[in-house]
Each structure stands twice: as C-alpha cells, then as structure tokens.
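Numbering (my numbering), first residue to last: 1123 to 1642.
The following block contains the structure:
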C-alpha cells in the first residue's frame, strides 16, 4: 500500500555520480524544474572505500569544473592528476628499482587540469549541496518503475520507516548504475563483445611509486610540480594492466583489469591471490601492497555492456553505468556521464522531440563505438612498449582533436553543426578505425618489450599542447575550420604511428616523442 504520492517534473533514479551531477546540471540550467533524486545509500557515504571510477580526463574535468561550477571543490578537496603514467617491463621481472622499467607519461602537467576523485567525498558534497535545491530520497529502495509517456511512476520503500512513497513525474532518468532498471526491464542490454574482468581494493595510506627508486636521474626527470604518484599509474603486461590511484582521503585505489584468457580470474580473485600473482609479474609493487590495510575488496566480471536505447521520446533516458559501459582504461566513464547528462538536459529543456532523441542516440552510440575500438582485441599487446607508445600517442590525439573538441565547444547538441560536418566526422572515425585495426594486428603478434629504463615524455609532444590549448582558447566562430585542421593533423599522425610500429621502431623508441612524424 502506498502511503503518499509526490509529483515532480523530473525523477532521477540513482544518486551517485551520474544522478547527482545531472540533478546539479538541471538545477543550474533549468532552475524552475521540480526534481527528485532517489538513492538507496544513506548520506553521508564512506570516503575512500565507496566506488571506483576515481580518475578523470579532460571532458569530465571540464564538465565538473566549468559546466557544474565545481572547480573550487575539485581544487581544494580533491587531488590534481598528473596524467596517465605507464610502466612496461621486459621478459624478466624487475625487483630492485622501478627506474629499470620503461616509463610512458608526462614530465610536467599538460595545460588542462584533470583530477583524482575520492568518490565518497565527492558524492557527499554533491548530495549536501543538492539537498537545499531539490528533493533527495536517500536510504530508499525502488520497488517498481512504470513507464508512461508524460506520467512515469516510481514506487519507493523506506526500510527504516516501513512505508512506501509513489513518485509521479513527467521525465524519468535512470542513473541506477549497473542495476540498470530500464535497460533490464526493457530488454535493451546488448553484448559489448569485450568480456574482461576487474578486481580492486582500497588501501589505507599512499602507495608512492617514487619510493620504489633510489636512482637520482630517474627521480629528477619529472618537473616536480606534481609527484609521480599523483598520476593514474599503470603497470602493464600481456592481457592486463594494474592501476594505482591516490585519493584525497589518504587512501590508494588499487585494481587489476584483465582478459581472463590471459589472466585466469581464480589466480587474482582475492587480495592475497592478487599479491601472490604480482610477486611473479611486478614484485616491487607486490611488496608495497602485501602488508597494507585493505578497506574493501570487489570483483566485477564482464564489466562492458552495450545498450540499444539510451533515450526515448516518451520522456525517459539513461545515464552513467545504467546506460552503457566500455572499459576503465583511459578513464572514460565520467565522459559518458558528461555527454549523456548534456543530452538529457537539452532534451528536457525541449520536451524530448523525436528528431533530437534520434540524433543524440545515434551520436552517443557513435561515441561508445569509437571508445570500444580502443580496447577490443588489444589487451594482448599491453606488454609491448612499442604498441603502448604508439597507442597512447594516437588515442590522445584523436580524443582531444575530435571528441573533446566537440564537447568543449558545445557542438554535440548543435544539430546543424553536426549535419554540416557529418562527412568530416565520418572521415575521422574511419581513420580512427583503421589505426585501431593496426593496433589489434600488432597486439595479436606482440612480444614483451620494455624494461630498458627509457622515458617516453608526453609533455614533449608539441601536438598535445596545440590540441589542448585549442580546446580552451579556440574561437567558437572558427570551430569548423579548426575541426577540419584537426582531421588533417590526424592523417599526419597516423603516418607517425605506422613509423613507430614499423621496421624502424627501435630507432624511434630512442628519440623524443616530439620527433615522431605528425606529432612534432
């Protein structure tokens, strides 16, 4: 029996990162709306050991800092990120000094700030600032959801009070995470053809990669503006990568993402299992993790999931993991939230017109496809430094020149701009697909290459600085010309990628990345 009925313009099912950022976005852009957020956890949630998805990249950081006005919180209460930093060994495990690894990453921060998020601290801040704006039903469970155009119905139960509440709303947004209420009830989940797993835990205290070296030259080759441990640190190998991410609460997030055909789940399922396995792969890291105090432990199998319908002209939509999920490498989860939320806000403002629903759905699925191409069939090559060097160069260049460019300039919701440039964007996507096919071919025949103490400095790549500065300084009236130039840059960059992977790969490996054709 329902004890009460409440009516709202918008009901957001899920008060995590996706749902709370959407609520904040709607509240800032459409302040007249009556919005309710439903969350099964009770706030405040724990810091550190709350959720993964702690590392942000440029689209996410721009969305949070600029679009949502959270720059002050990010700068004061979270940690600045020092880019992505990968360590590659050769055939022989490295047990004495991390300087013996090949290192791929920046020597100094690139222009656009990104952040490491303590998800518990961040979501507590979002919930606290939302509570004075709209309704927040935390500590409640969803009993049922009924979808009716213009009159959706959500039945909640508060376990502590033993009563039910019915929410009626014009617009319904599923931000329920991997539960994916709408995806499950409507049967729209689709296989992502990427059956990989992840295990992770949080340790109390900081795991500092610089403490694993006594080599003065290695310690001094970064600028010192930020410590290496502020990076999203990856130790890689055939079929896997291990992450180390610092959190503002003082803990360290540790996780292994892997292809079970290369790394059997039972060998790494438990924390003790993972440490035992790491003693063979990366003994320096294993020694750092063995005695730390674990705050949690999680296992997630087959994390990638597609979705055939993410928005509907009936006035419902999905965002975050309730929509779809690709892979945690490169930390794209926040980007999918940023884009989905941007689409949802615009659809609500316009009343979910069919033309925009169809266009946004098509473009969002294209974003997902271009992202999935980064991963399918490539994990086998993650122990090959040459592939990692070429891959990060290309993947960053494509991301900043196309995807980030469209988001920073607000063009994803500009249907006329997207139509005018459809052929150009298709050319870029086709080029991206060809390069990713090259990476897959390389991965299929990869050998373990690394462990030579070399440094591949992303900060030394002039193209990276040009693309990032264009994102923040570009003239909106010049977007089409800049986008055309970016596609031309990518065509030149594709030549450089082929050089790195070609016969003279070892020659390029010893030179500055700024000397690679197309990136200088």
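We treat Cβ as the ideally placed atom computed from N, Cα and C, and that holds for glycine.
Please go through the region 1519-1594 and give each complete alpha helix (DSSP H) segment of 4 or more residues, from N-terminal end onward. 1526-1530, 1537-1542 and 1544-1566
Which whole-angstrom value describes the C-beta separation of residue 1323 and residue 1404, a residue pair presumed to lie in contact below a C-beta threshold of 8 Å? In the chain shown, the residue the question calls residue 1323 occupies position 201. In the chain shown, the residue the question calls residue 1404 occupies position 282. Between residue 1404 and residue 1323 the Cβ distance is about 16 Å, and since that is not below 8 Å, they are no contact.
Taking residue 1354 as part of the beta strand (DSSP E), name the residues at either end of that continuous run. Residue 1354 sits at position 232 when you count from the first residue of the chain shown. Looking at the DSSP string, the run of the beta strand (DSSP E) that includes residue 1354 is 1354-1359.
CA-CA distance, residue 1457 and residue 1425? One-based indexing of the chain shown puts residue 1457 at position 335. One-based indexing of the chain shown puts residue 1425 at position 303. Approximately 17 Å between the Cα atoms of the pair.
Quick check on residue 1256: buried or exposed, where buried means 16 or more other Cβ atoms within 10 Å of its Cβ? As a working mapping, residue 1256 is identified with position 134 in the chain shown. So residue 1256 ends up on the buried side.
Take the Cβ of residue 1313 as the centre, count every other Cβ of all protein chains shown within 10 Å, and call the residue buried at 16 or more, exposed below. In the chain shown, the residue the question calls residue 1313 occupies position 191. It is exposed - the Cβ of residue 1313 has fewer than 16 other Cβ atoms within 10 Å.
Using 8 Å as the threshold, is the C-beta distance between residue 1365 and residue 1355 below it? Mapped onto the chain shown, residue 1365 falls at position 243. Mapped onto the chain shown, residue 1355 falls at position 233. Their beta carbons are under 8 Å apart, which means residue 1365 touches residue 1355 by this criterion.
Cα-Cα, which of 1218, 1434 and 1318 is closest to residue 1269? Counted from its first residue, the chain shown places residue 1269 at position 147. Of the candidates 1218, 1434 and 1318, the one whose C-alpha sits nearest the C-alpha of residue 1269 is 1434.
Can you grab the Cα-Cα spacing for the pair residue 1238 / residue 1203, in whole Å? Stepping through the chain shown from its first residue, residue 1238 is reached at position 116. Stepping through the chain shown from its first residue, residue 1203 is reached at position 81. Each residue's alpha carbon lies about 6 Å from the other.
Backbone secondary structure at residue 1201 - three-state DSSP: Here residue 1201 is taken as the residue at index 79 of the chain shown, counted from 1. Residue state, collapsed to three classes: strand.
What does the alpha-carbon distance come out to for the pair residue 1569 and residue 1505? Stepping through the chain shown from its first residue, residue 1569 is reached at position 447. Stepping through the chain shown from its first residue, residue 1505 is reached at position 383. Roughly 7 Å separates the two Cα atoms.
So, at 6 Å on beta carbons, what are the nonlocal neighbours of residue 1162 in its own chain, with the 5 sequence-adjacent residues on each side left out? Indexing the chain shown from 1 puts residue 1162 at position 40. Cβ neighbours of residue 1162 beyond the five flanking positions: 1263.
Any contact of the region 1286-1301 with the region 1400-1415, i.e. 3+ C-beta pairs under 8 Å? no
Would you mind working out which of 1149, 1600, 1558 and 1555 sits nearest residue 1528, comparing C-alpha positions? In the chain shown, counting from the first residue as 1, residue 1528 sits at position 406. Of 1149, 1600, 1558 and 1555, the residue nearest in Cα terms is 1600.
Measure the beta-carbon distance from residue 1261 to residue 1320 and round it to whole angstroms, keeping in mind my assumption that it falls under 8 Å. The residue labelled residue 1261 in the question sits at position 139 within the chain shown. The residue labelled residue 1320 in the question sits at position 198 within the chain shown. About 28 Å separates the two Cβ atoms, so there is no contact after all.
Once the 5 residues before and after residue 1423 are set aside, which same chain residues still bring their CB inside 6 Å of it? To locate residue 1423, count along the chain shown from 1; it is residue 301. Counting only Cβ-Cβ distances below 6 Å, and skipping sequence neighbours, we find 1319.
Rank 1220, 1567 and 1639 by C-alpha distance to the C-alpha of residue 1574 and give the top, closest one. For this step, residue 1574 is matched to residue 452 along the chain shown. Cα-wise, what sits closest to residue 1574 is 1220.
Residue 1446 and residue 1380: beta carbons closer than 8 Å? By 1-based counting over the chain shown, the position of residue 1446 is 324. By 1-based counting over the chain shown, the position of residue 1380 is 258. No, Cβ-Cβ distance for residue 1446 and residue 1380 is not below 8 Å.
Give me the Cβ distance between residue 1540 and residue 1533, rounded to the nearest whole Å; I'm assuming they're in contact under 8 Å. The residue given as residue 1540 occupies position 418 in the chain shown. The residue given as residue 1533 occupies position 411 in the chain shown. The pair is a contact, with the Cβ atoms about 7 Å apart (cut-off 8 Å).
Are there 16 or more other CB atoms within 10 angstroms of the CB of residue 1233, so buried, or fewer, so exposed? In the chain shown, counting from the first residue as 1, residue 1233 sits at position 111. Classification of residue 1233: exposed, given that the 10 Å Cβ count is below 16.
Expressed to the nearest angstrom, what Euclidean distance is found between the alpha-carbon atoms of residue 1396 and residue 1416? Your numbering for residue 1396 matches position 274 in the chain shown. Your numbering for residue 1416 matches position 294 in the chain shown. If I take the Cα positions, the gap works out to 13 Å.
Quick check: what's the CA-CA separation for residue 1615 versus residue 1134? Sequence index remark: in the chain shown, residue 1615 carries index 493 (1-based). Sequence index remark: in the chain shown, residue 1134 carries index 12 (1-based). Cα-Cα distance, rounded: 42 Å.
Under three-state DSSP, which class holds residue 1425? Position 303 of the chain shown, counted from the start, is the residue given in the question as residue 1425. In the structure shown, residue 1425 sits in coil (DSSP, three-state: anything other than H, G, I, E or B).
Touching by the beta-carbon criterion (3+ pairs, under 8 Å), the region 1268-1288 and the region 1176-1184: no
Environment of residue 1543 [buried if 16+ CB atoms lie within 10 Å]: For the purposes of this step, residue 1543 is identified with residue 421 of the chain shown, where counting begins at 1. That one is buried.
So if DSSP puts residue 1340 in a beta bridge, which residue, or which two residues, is it bridged to? Translated into positions along the chain shown, residue 1340 becomes position 218. Answer by DSSP bridge pairing: none, since residue 1340 is not bridged.
Could you give the C-beta distance for residue 1449 and residue 1316, rounded to a whole number, given that I count them as a contact under 8 Å? As a working note, residue 1449 is residue 327 in the chain shown. As a working note, residue 1316 is residue 194 in the chain shown. Confirmed, about 7 Å.
For residue 1368, which three-state DSSP category applies? Here residue 1368 refers to the residue found at position 246 of the chain shown. Reduced to three states, the DSSP call for residue 1368 is strand.
Going by beta carbon distance, what residues of the same chain come within less than 8 Å of residue 1213, once the five residues before and after it are set aside? Your numbering for residue 1213 matches position 91 in the chain shown. Only 1570 and 1573 meet the Cβ criterion.
Backbone CA spacing between residue 1206 and residue 1470 [nearest angstrom]: The residue labelled residue 1206 in the question sits at position 84 within the chain shown. The residue labelled residue 1470 in the question sits at position 348 within the chain shown. Taking the straight line joining both Cα atoms gives about 36 Å.
CA-to-CA distance, residue 1180 to residue 1193, given in whole angstroms: Along the chain shown, one-based indexing puts residue 1193 at 71. Along the chain shown, one-based indexing puts residue 1180 at 58. If I take the Cα positions, the gap works out to 13 Å.
With a cut-off of 8 Å, do at least 3 Cβ pairs link the region 1437-1444 to the region 1461-1481? yes
Which ranges does the alpha helix (DSSP H) cover as unbroken runs of at least 4 residues, wholly within the region 1436-1485, from first to last along the chain? 1455-1472
For the alpha helix (DSSP H) that contains residue 1259, what are its first and last residues? The residue you call residue 1259 lines up with position 137 of the chain shown. Premise fails: residue 1259 lies in the beta strand (DSSP E), 1257-1260, not in any alpha helix (DSSP H).
Just tell me which of 1584, 1511, 1310 and 1558 has its CA closest to the CA of residue 1577. Taking the first residue of the chain shown as 1, we reach residue 1577 at position 455. Among 1584, 1511, 1310 and 1558, the Cα nearest to that of residue 1577 is on 1511.
In or out: residue 1191 buried (at least 16 other Cβ within 10 Å) or exposed? Working through the chain shown from its first residue, we reach residue 1191 at position 69. Exposed.
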